[in-house]
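In terms of my numbering, the sequence shown opens at residue 1278 and continues consecutively.
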Amino acid sequence: MKYDHIELTILSPKGTIYKGGVDNVELPGKAGRFQILPNHAPIISSLQKGAIVYKVDDDERRLEVNGGFVEMNGLMVVVCIE
């Protein structure tokens, strides 16, 4: 079954920064930037300093991070940042 959004959670040591549905999320991976779309294959990756960019409806949001990691499983994406 295909879905048109993913559930994104962004966590920091201070708490939850964002939790909700997004169309896609672009991340600063250690090997370069990559994008996660609905129905993406499961992934675990480390992140480097850069911007997390995610789209909610027609609103593009940007969050600068110093690093962290991401896990995608099914339609759930969890990003833990420094």
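Think of the CB as a built atom: it goes at the ideal place given N, C-alpha and C, for glycine as much as any other residue.
Thinking C-alpha only, which one of Asp1335, Gly1306, Ile1294, Ser1322 is nearest alanine 1328?
-> Per the C-alpha coordinates, the member of Asp1335, Gly1306, Ile1294, Ser1322 positioned closest to alanine 1328 is Gly1306.
### Message
Need the endpoints of the beta strand (DSSP E) that glutamate 1337 sits in, please.
### Response
1336-1342
Problem set entry | Outcome for methionine 1278 when other beta-carbon atoms lying within 10 angstroms are tallied against a minimum of 16 | Only weak support exists for where methionine 1278 lies, its pLDDT of 46 falling under 50; the value from the coordinates is given anyway. By the 10 Å Cβ count, methionine 1278 comes out exposed.
From the DSSP output, in three-state form, read off leucine 1324 for me.
strand
Tell me whether the beta-carbon of tyrosine 1331 lies closer than 9 Å to the beta-carbon of glutamate 1303. Taking a C-beta distance under 9 Å as the contact criterion, tyrosine 1331 and glutamate 1303 qualify as a contact pair.
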